[in-house]
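Asks: In the working numbering, the protein residues as written are 163 to 514.
Quick one: the structure is below, and I'll ask about it shortly.
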Ligand code: SAH
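Structure representation (structure tokens):
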């Protein structure tokens with residue numbers, strides 16, 4: 163039995179499924195899901211992420227968030243949350259870097275939002291010595307000031323895809339051709355949620371919709387608007403999405419998204435405009451990751467770390483700095499957006 167068999171049986175029984183249903187099964191199926199069964203990160207895994215590339219990423223993000231906490235009058239207690247913490251590296255780097263901020267660690271209640279039992283075990287190891295609390299949904303975040311991080315979390319949430327057809331839309335679905343998974347299209351329907359996209363698309367254009375992201379954003383922004391706090395959300399994507407961005411990665415190589423369900427990572431670009439639409443708190447400008455990290459002083463931090471290094475360790479540090487910030491590497495593809503309450507400044511590194 164494999165996830166492919168499970169999906170084939172489901173499609174035979176129910177008919178074609180949406181891209182969102184396919185993604186949800188591939189990533190989080192309790193028995194065969196990609197994240198539920200493994201730690202996919204790092205050189206030996208399928209992909210790597212900014213916190214795994216260098217400690218500088220978590221340190222700088224942590225200091226930006228801690229400065230926001232200082233600026234808002236050091237609320238105590240507050241929730242220090244991370245969505246989809248992977249191996250726990252970003253949170254560990256943040257906690258180490260903010261040790262010198264008086265009162266921050268004592269006031270912080272660490273909450274990790276994680277759906278994968280395998281990665282939760284990994285986070286427990288990395289964060290031994292702290293007392294994080296795990297939840298699986300942002301609706302369970304406490305009602306108190308919220309300082310929150312997410313790196314490459316929203317790109318893992320299931321998206322639906324729609325093809326423009328006149329003034330209606332046909333949803334992209336996954337069905338069967340013999341017993342092979344194949345993309346197809348549903349019938350033409352009106353899509354109220356895509357009304358505004360009739361202005362900037364043409365027949366045949368594909369747009370993506372991430373309903374799950376809207377629910378998460380509502381949970382975060384309600385707490386920040388009501389109790390204060392801030393969020394730093396980092397992901398690949400752009401202000402408004404257009405085109406098919408569904409992508410599968412296996413061993414750092416792109417593969418066909420339908421070829422190995424549950425055994426390759428599946429992501430889609432994040433539509434940041436949709437993310438912040440209608441939220442009750444303020445948001446910063448969307449800022450390229452490279453610009454954000456440079457504003458926070460990544461070059462000075464790299465120089466300080468370089469003092470103690472030579473040989474291959476020094477080369478690795480220089481390569482990591484370049485990889486995180488250079489426009490041809492992650493510097494431009496990845497973007498940062500900040501959330502903050504009315505009357506407060508955005509977290510350092512971002513502009514209102
Ligand atoms: N932030 C980490 C890991 C990114 S991978 C890093 O930068 O290295 C995506 C993370 O989100 C994983 O921890 C995965 O298990 C988690 N995740 C994916 N979908 C989720 C969901 N619906 N709810 C909670 N966590 C989820």
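Backbone N, C-alpha and C define an ideal beta-carbon position, used for all residues, glycine too.
Per DSSP, what kind of secondary structure is residue 429 in: helix, strand or coil?
Replies: On the chain shown, position 267 is the one that residue 429 refers to. Looking at residue 429 - three-state DSSP - the assignment turns out to be strand.
Asks: Can we count residue 515 as close to the ligand SAH, meaning its CB is less than 7 angstroms from some heavy atom?
Replies: This structure gives no information on residue 515, because the portion of the chain shown stretches from 163 to 514.
Asks: Under the three-state reduction of DSSP, which class applies to residue 389: helix, strand or coil?
Replies: The residue you call residue 389 lines up with position 227 of the chain shown. Helix at residue 389.
Asks: Which full runs of the beta strand (DSSP E) of 3+ residues lie inside the segment 330 to 394, going along the chain?
Replies: Taking only runs of at least 3 residues, the beta strand (DSSP E) segments lying wholly in the segment 330 to 394 are 330 to 339, 342 to 351, 368 to 371.
Asks: In whole angstroms, what is the alpha-carbon distance linking residue 507 and residue 337?
Replies: Within the chain shown, the letter at position 345 stands for residue 507. Within the chain shown, the letter at position 175 stands for residue 337. Cα to Cα, residue 507 sits roughly 49 angstroms from residue 337.
Asks: My guess is that residue 385 and residue 303 are in contact by the Cβ rule of under 8 angstroms, so how many angstroms apart are they, rounded?
Replies: Sequence index remark: in the chain shown, residue 385 carries index 223 (1-based). Sequence index remark: in the chain shown, residue 303 carries index 141 (1-based). About 6 angstroms separates the two Cβ atoms, so the contact holds.
Asks: Are the beta-carbon atoms belonging to residue 277 and residue 190 less than 8 angstroms from one another?
Replies: Translated into the one-based positions of the chain shown, residue 277 becomes position 115. Translated into the one-based positions of the chain shown, residue 190 becomes position 28. Taking 8 angstroms as the Cβ cut-off, residue 277 and residue 190 qualify as a contacting pair.
Asks: Is residue 278 near the ligand SAH, going by C-beta to nearest heavy atom under 7 angstroms?
Replies: Position 116 of the chain shown, counted from the first residue, corresponds to residue 278. Yes, the Cβ of residue 278 comes within 7 angstroms of a heavy atom of the ligand SAH.
Asks: Kindly indicate which three-state DSSP category residue 415 falls into: helix, strand or coil?
Replies: The count along the chain shown starts at 1 and reaches residue 415 at position 253. Here residue 415 sits in strand by DSSP.
Asks: Write down every uninterrupted run of the alpha helix (DSSP H) in the segment 203 to 282 whose length is 4 residues or greater and which is fully enclosed by it, in chain order.
Replies: You should have 212 to 215, 217 to 233, 251 to 259, 266 to 269.
Asks: In whole angstroms, give me the CA-to-CA distance for residue 229 and residue 510.
Replies: In the chain shown, the residue the question calls residue 229 occupies position 67. In the chain shown, the residue the question calls residue 510 occupies position 348. In a straight line, the C-alpha of residue 229 is about 7 angstroms away from that of residue 510.
Asks: Would you check if the segment 283 to 294 and the segment 239 to 253 touch, i.e. whether three or more CB-CB distances between them fall below 8 angstroms?
Replies: Result yes; three or more Cβ-Cβ pairs closer than 8 angstroms.
Asks: Would you mind sorting residue 293 into buried or exposed? The rule is 16 or more other CB atoms within 10 Å of its CB.
Replies: Translated into positions along the chain shown, residue 293 becomes position 131. The residue in question, residue 293, is exposed, as its Cβ has fewer than 16 Cβ neighbours within 10 Å.
Asks: Of all the options 410, 369, 424, which has the alpha carbon lying nearest to the alpha carbon of residue 357?
Replies: The residue you call residue 357 lines up with position 195 of the chain shown. Considering only alpha carbons, the answer is 369.
Asks: For residue 224, which residues of its own chain have a beta-carbon under 6 angstroms away from its beta-carbon, when the five flanking residues on both sides are left out?
Replies: The residue you call residue 224 lines up with position 62 of the chain shown. 256, 259, 260.
Asks: Measuring only from the beta carbon, is residue 190 closer than 7 angstroms to any heavy atom that is part of the ligand SAH?
Replies: Taking the chain shown and counting its residues from 1, the one referred to as residue 190 is at position 28. Yes, the Cβ of residue 190 comes within 7 angstroms of a heavy atom of the ligand SAH.
Asks: In whole angstroms, give me the CA-to-CA distance for residue 392 and residue 335.
Replies: Position 230 of the chain shown, counted from the start, is the residue given in the question as residue 392. Position 173 of the chain shown, counted from the start, is the residue given in the question as residue 335. Cα to Cα, the separation comes out at about 37 angstroms.
Asks: Based on Cα-Cα distance, which residue from 424, 429, 341 lies nearest to residue 174?
Replies: Against the chain shown, residue 174 aligns to sequence position 12. Nearest option by C-alpha distance: 341.
Asks: Below 8 angstroms between beta carbons: does that hold for residue 211 and residue 314?
Replies: Within the chain shown, the letter at position 49 stands for residue 211. Within the chain shown, the letter at position 152 stands for residue 314. Yes, Cβ-Cβ distance for residue 211 and residue 314 is below 8 angstroms.
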